[in-house]
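This report concerns only the one structure given below.
In our numbering, the protein residues as written are 2 to 501.
The following block contains the structure:
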């Protein structure tokens, strides 16, 4: 009995302790959830404040797209509904794409520092605007950024030293701006960078040796600046580099021999550089001979550039080039003579607007005559309308009068029209009967499609029967057809029977 009671007491005690632990844990979890929710709300508010501060610094010339950047939750419930903004599944701002929006910096001299609060941003594209000020140091806080494209603006100031903290950056384009100052040493910390374009600015100073640390680089464009000094030896460490553009700078000194060790290099441009007192040399084991576009200052010597080829090879290349030009000349001459003959033939065929030329050419000759004579199928030339098209009368320059059956536009929009049109042409061209109108030609153009028939002066059978005094319409009650009507209808019936 005592053993049983002790077991019960132990069970109850354990249950009470477990319940207390559960309640305490729930309380902490609730507090953590509440605290986490507060953090998320605060983070979202920081993003909203940053964007609104930026909006206040901009002039957008009457464009209304920035009106969506508003705290009016009735129209735009969240920041994710704003123009040019994209969010992830958790509602965090991840992309700003506002290229080609004619943005201009208003009173502020730089992009507001609050932009650093957009810590989840992965893309910032403000390219092709008017003027967006200068870059704040706080931009280095965007450590999740993959793409930063601020090219083609009047971006002023220098490149912030904090840019080296953006370790995930893959593309950095700041070209076509007015950036000044030196390239920061910290730029070499962008280990993930693949494309670097700082061309057409006013950058000065040397190329930092830390550039060799960015081993994932595939493209470097530093042309059209005022960079000085010599290329660092560390540039040879960029084994993934495909193109290197350093033209139009003030670089001096020797070109590093390590440049020949860049196994992926395909484009190399050194035009208008100032290093004229040294020869371009490559290491003997390099693959620099694979560089397709090797451009260097005209004052460079050439005896060590990819090693001079034998004279025989130069002669072969020259002879091949001359032969190619001769063959091209012969081909062009033959083509011109052939076109001239064709033009003379076409001119002879089109002189009188002969409708039969439709059969021999693409229909352009007769088509032009028909369009001109009917004034592009003006209603005044229309002599009848049917279920599939309208009939027009046309007097050609040769004096021949023809009838044109022009199909309705909605007929040509039918997907089966071209096939049915072709079948109809094939049937009509095989018919040879004195009681069937002659088909002179046809045209199937993107603008219109029509058939060209022999023109009957007396109009349709219905008109003849209706206007002749002898014509009598059958009333179905013993009426008769006049002799003239009979002689008119009988051969038609025979012809239709023959076609069947």
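The beta-carbon is built from N, C-alpha and C at its ideal position, and this holds for glycine as well.
Next on the checklist: Checking 9 Å against the spacing of the C-beta atoms, do residue 148 and residue 103 come in under that value?
Outcome noted: At a Cβ-Cβ threshold of 9 Å, residue 148 and residue 103 do not count as neighbours.
### Task
With distances taken Cα to Cα, identify the nearest neighbour of residue 94 among 46, 111 and 213.
Selected option, being the one with the closest Cα: 46.
- prompt: Quick one: what's got a C-beta closer than 6 Å to residue 375's C-beta in the same chain, skipping five residues either side?
  reply: 382, 393 and 395
Quiz prompt | Limits of the beta strand (DSSP E) - the one that residue 450 falls within | solution = Following the DSSP letters along the chain, one finds residue 450 inside the beta strand (DSSP E) bounded by residues 450 to 455.
Item to check | Per-residue burial, residue 265 [other beta carbons within 10 Å of its own, 16 or more giving buried] | outcome: For residue 265, the number of other beta carbons within 10 angstroms of its own is below 16, and it is reported as exposed.
Q: Within 10 angstroms of the Cβ of residue 76, are there 16 or more other Cβ atoms? Answer buried if so, exposed if not.
A: Per the 10 Å Cβ criterion, exposed.
- Measure the CB-CB distance between residue 189 and residue 206 and report whether it falls below 9 Å. no
| Nearest to residue 159 by CA position, among 144, 172 and 135, is which residue? | 135
>> Classify residue 326: buried if its beta carbon has 16 or more other beta carbons within 10 angstroms, exposed otherwise.
In response: exposed
**Item:** Nonlocal neighbours in the same chain, by C-beta distance under 8 Å from residue 72, ignoring five residues either side
**Value:** 49 and 53
Verify whether the separation of the beta carbon atoms of residue 139 and residue 116 is less than 9 Å.
yes
Subject >> Cβ-based neighbour list, residue 114, same chain, cut-off 7 Å, excluding 5 preceding and 5 following >> reply: 137 and 139
According to the neighbour-count rule (16 or more other Cβ atoms, all chains shown, within 10 Å of its Cβ), is residue 154 buried or exposed?
The C-beta of residue 154 has 16 or more other C-beta atoms within 10 Å across all chains shown, which makes the residue buried.
* With distances taken between CB atoms, is the gap from residue 211 to residue 235 smaller than 9 Å? -> yes
Within the stretch 91 to 137, note down every full beta strand (DSSP E) run reaching 3 residues or more, in order along the chain.
94 to 98 and 124 to 126
Determine the DSSP secondary structure at residue 439, reduced to helix, strand or coil. coil
Practice prompt. Go ahead and label residue 51 buried or exposed: buried means 16 or more other beta carbons lie within 10 angstroms of its beta carbon, across all protein chains shown.
Written response: Buried, because 16 or more other Cβ atoms sit within 10 Å of the Cβ of residue 51.
With a threshold of 8 Å on Cβ separation, who are the neighbours of residue 128 within its own chain once the five nearest residues in sequence on each side are excluded? 100, 101, 150, 151, 152, 153, 154 and 174
**Report entry** Whole-angstrom C-beta distance between residue 216 and residue 239, which should lie under 8 Å
**Finding:** Correct: roughly 6 Å between the Cβ atoms.
Practice task
Out of 398, 125, 406 and 168, state which residue places its alpha-carbon closest to the alpha-carbon of residue 378.
Solution key: Checking every option, the nearest Cα to that of residue 378 belongs to 406.
Original post:
Among 241, 449, 445 and 440, which one has its Cα closest to the Cα of residue 455?
Top reply: 440
- prompt: Over what stretch of residues does the beta strand (DSSP E) that includes residue 227 continue unbroken?
  reply: 227 to 230
Notebook entry, point to check: Does DSSP put residue 77 in a helix, in a strand, or in coil?
Noted result: Here residue 77 sits in coil by DSSP.
- Where do the N-terminal and C-terminal ends of the beta strand (DSSP E) with residue 391 fall, by residue? 390 to 396
So, residue 245 versus residue 270, is the Cβ gap smaller than 9 Å?
-> yes
Close-in-space but distant-in-sequence residues of the same chain around residue 195 (CB under 6 Å, 5 per side omitted) = Result list for residue 195: 171, 217 and 219, in chain order.
| Beta-carbon separation of residue 223 and residue 187 under 9 Å? | no
### Task
Assign residue 355 to one of three DSSP states: helix, strand, or coil.
Its pLDDT being 41, under 50, residue 355 is placed unreliably by the model, and the measurement read from it follows with that caveat. Coil.
**Q.** Reference residue 168, options 226, 329 and 120, closest by Cα
**A.** 120
_Between which residues of its own chain and residue 247 is the CB-CB distance below 7 Å, once the five residues before and five after are set aside?_
223, 224, 270, 271 and 274
Distance, residue 421 Cα to residue 337 Cα:
Taking the straight line joining both Cα atoms gives about 39 Å.
Margin query: Taking the alpha-carbon of residue 142 as reference, which of 157, 133 and 123 has the nearest alpha-carbon?
Written below: 123
- Query: Start and end of the beta strand (DSSP E) containing residue 407?
  - Reply: Taken as a continuous stretch (DSSP letters only), the beta strand (DSSP E) holding residue 407 covers 402 to 408.
Reduced DSSP category for residue 72 - H, G, I as helix; E, B as strand; rest coil: coil
Notebook entry, point to check: Apart from the five residues on each side of it in sequence, which residues of its chain come closer than 6 Å, Cβ to Cβ, to residue 566?
Noted result: A question about residue 566 goes unanswered here, because the residues of the chain that appear run from 2 up to 501.
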